[in-house]
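A.B. asks: Count along the sequence shown starting at 1, add 3, and that's the number in our numbering.
I'd like to ask you about the structure that follows.
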Amino acid sequence: MPEARTTAARRAMPEALPHGDIAELLPGIHFVTGSIRMTAPLPTRFSRNMTILRQDGALVLINSVRLDEPGLRALDALGEVKHVLRMAGFHGSDDPFYKDRYGATIWSVDAPYVPGFDAGAPPYFTADEILTETTELPIQGARLIPFHSARTAEAMLFLDRDGGILVSGDCLQNWARPDRFFSLPARLMMRAMGFIRPYNVGPGWLKIAKPDPAEIKALLDLDFEHVLPAHGALVIGNAKALYTPRIAAL
Numbered sequence: 004m005p006e007a008r009t010t011a012a013r014r015a016m017p018e019a020l021p022h023g024d025i026a027e028l029l030p031g032i033h034f035v036t037g038s039i040r041m042t043a044p045l046p047t048r049f050s051r052n053m054t055i056l057r058q059d060g061a062l063v064l065i066n067s068v069r070l071d072e073p074g075l076r077a078l079d080a081l082g083e084v085k086h087v088l089r090m091a092g093f094h095g096s097d098d099p100f101y102k103d104r105y106g107a108t109i110w111s112v113d114a115p116y117v118p119g120f121d122a123g124a125p126p127y128f129t130a131d132e133i134l135t136e137t138t139e140l141p142i143q144g145a146r147l148i149p150f151h152s153a154r155t156a157e158a159m160l161f162l163d164r165d166g167g168i169l170v171s172g173d174c175l176q177n178w179a180r181p182d183r184f185f186s187l188p189a190r191l192m193m194r195a196m197g198f199i200r201p202y203n204v205g206p207g208w209l210k211i212a213k214p215d216p217a218e219i220k221a222l223l224d225l226d227f228e229h230v231l232p233a234h235g236a237l238v239i240g241n242a243k244a245l246y247t248p249r250i251a252a253l
């Protein structure tokens with residue numbers, strides 16, 4: 004087990020919550036579904052995903068999810084965690100854990116790390132690098148697609164391989180149905196709020212971040228076959244055609 008580092012902010016880190024096994028999607032790309040717990044407006048738990056890229060024996064984690072000890076052993080078997088990318092301003096609570104455990108370099112969209120959605124709260128953590136569209140990313144054949152108009156920073160990661168891959172934060176989601184990580188309140192509340200819909204644009208993100216729809220529609224200028232969302236099931240194959248009706252309707 005790697006020796007824990009002490010470079011992260013001294014703060015009680017969220018515990019590891021229930022998650023699945025790490026699975027390989029495409030050569031060098033792995034994925035794991037975990038969960039997140041929220042307390043407002045009701046105590047709820049629902050799923051979230053982490054994408055793991057492996058190159059030259061090093062790992063890049065995107066949309067980090069803390070794993071339990073068996074999960075961390077499986078992660079260590081893939082390679083050494085070197086980088087963590089935060090694609091969504093509403094995410095990132097587990098970034099300090101990976102900084103502390105592995106000394107990973109944390110790359111983040113330009114949004115403060117604050118508890119919950121309280122933008123006025125003091126930040127509890129500082130990233131090593133702020134992501135912009137000119138950032139030289141630690142991923143081969145990748146580029147960042149930021150949403151400049153969003154009130155809370157958000158970006159997509161485009162991987163120029165396997166027909167084109169988009170890795171999403173809160174923008175593109177794909178919850179056709181609640182999965183096993185949803186609590187009963189989450190099943191009821193999130194269906195009523197429009198989250199349970201396949202090939203979706205995140206309704207909570209649209210409401211709070213208020214991005215310019217034109218920036219989202221510009222995603223359709225890309226050629227992509229796959230979407231790896233932070234929320235919902237993977238979309239492997241034909242992703243652009245599947246998301247086009249929802250995006251075009253914005």
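No residue lacks a Cβ here, since even glycine has one placed at the ideal position from N, Cα and C.
Which whole-angstrom value describes the C-beta separation of THR47 and ALA189, a residue pair presumed to lie in contact below a C-beta threshold of 8 Å?
C.D. replies: To locate residue 47, count along the sequence shown from 1; it is residue 44. To locate residue 189, count along the sequence shown from 1; it is residue 186. Yes, THR47 and ALA189 are in contact; Cβ-Cβ is about 4 Å, under 8 Å.
A.B. asks: Nearest CA to the CA of ALA130: which residue from LYS102, GLU157 and LEU147?
C.D. replies: Taking the sequence shown and counting its residues from 1, one reaches residue 130 at position 127. With distances taken between Cα atoms, ALA130 lies closest to LYS102.
A.B. asks: Reducing DSSP to helix, strand and coil, say where GLY207 ends up.
C.D. replies: The residue you call residue 207 lines up with position 204 of the sequence shown. Looking at GLY207 - three-state DSSP - the assignment turns out to be helix.
A.B. asks: Secondary structure at THR9, three-state DSSP: helix, strand or coil?
C.D. replies: Locating residue 9 in the sequence shown gives position 6, counting from the first residue. Annotation note: pLDDT 40 at THR9 (below 50); position unreliable, no value reported.
A.B. asks: Just checking my contact of PHE185 with SER50 at CB under 8 Å: how many whole Å lie between their CB atoms?
C.D. replies: Counting from 1 along the sequence shown, the entry for residue 185 is found at position 182. Counting from 1 along the sequence shown, the entry for residue 50 is found at position 47. Contact between PHE185 and SER50 holds, with the beta-carbon distance rounding to 7 Å and staying under 8 Å.
A.B. asks: State whether the stretch 107-115 contacts the stretch 78-98, with contact taken as three or more CB pairs (one from each stretch) at a distance under 8 Å.
C.D. replies: yes
A.B. asks: Below 8 Å between beta carbons: does that hold for PHE120 and ASP98?
C.D. replies: On the sequence shown, residue 120 is found 117 positions in, with the first residue counted as 1. On the sequence shown, residue 98 is found 95 positions in, with the first residue counted as 1. No, these two residues do not count as a Cβ contact at 8 Å.
A.B. asks: So, with DSSP's three-state summary, where would you put MET4?
C.D. replies: For this step, residue 4 is matched to residue 1 along the sequence shown. Note that MET4 scores a pLDDT of 41, beneath 50, so its modelled location is shaky; the value from the coordinates is reported in the next line. Coil, per DSSP.
A.B. asks: CA-CA distance, LEU209 and PRO30?
C.D. replies: Looking up residue 209 in the sequence shown gives position 206. Looking up residue 30 in the sequence shown gives position 27. Whole-angstrom Cα-Cα distance: 33 Å.
A.B. asks: When you compare the CB positions of LEU160 and GLY144, do they come within less than 8 Å of one another, or not?
C.D. replies: What you label residue 160 is simply residue 157 of the sequence shown in a count that begins at 1. What you label residue 144 is simply residue 141 of the sequence shown in a count that begins at 1. For LEU160 and GLY144, no; Cβs fall outside 8 Å.
A.B. asks: Classify ARG183 as helix, strand or coil using the three-state DSSP reduction.
C.D. replies: Along the sequence shown, one-based indexing puts residue 183 at 180. The answer is coil: DSSP assigns ARG183 none of H, G, I, E or B.
A.B. asks: Just the C-alpha distance for SER96 and LEU20, rounded to the nearest angstrom, thanks.
C.D. replies: Walking along the sequence shown from the start, residue 96 turns up at place 93. Walking along the sequence shown from the start, residue 20 turns up at place 17. Approximately 12 Å, taken between the alpha carbons.
A.B. asks: Does the beta-carbon of ILE133 have 16 or more other beta-carbons within 10 angstroms, so that it is buried, or is it exposed?
C.D. replies: For the purposes of this step, residue 133 is taken as the residue at position 130 of the sequence shown. Classification of ILE133: exposed, given that the 10 Å Cβ count is below 16.
A.B. asks: Identify the continuous alpha helix (DSSP H) that holds PRO216 and give its terminal residues.
C.D. replies: Here the question's residue 216 lines up with position 213 in the sequence shown. Taken as a continuous stretch (DSSP letters only), the alpha helix (DSSP H) holding PRO216 covers 216-220.
A.B. asks: By the 10 Å Cβ neighbour count, where 16 or more other Cβ atoms means buried, how is LEU45 classified, buried or exposed?
C.D. replies: Mapped onto the sequence shown, residue 45 falls at position 42. Counting the other Cβ atoms within 10 Å of the Cβ of LEU45 gives fewer than 16, which makes it exposed.
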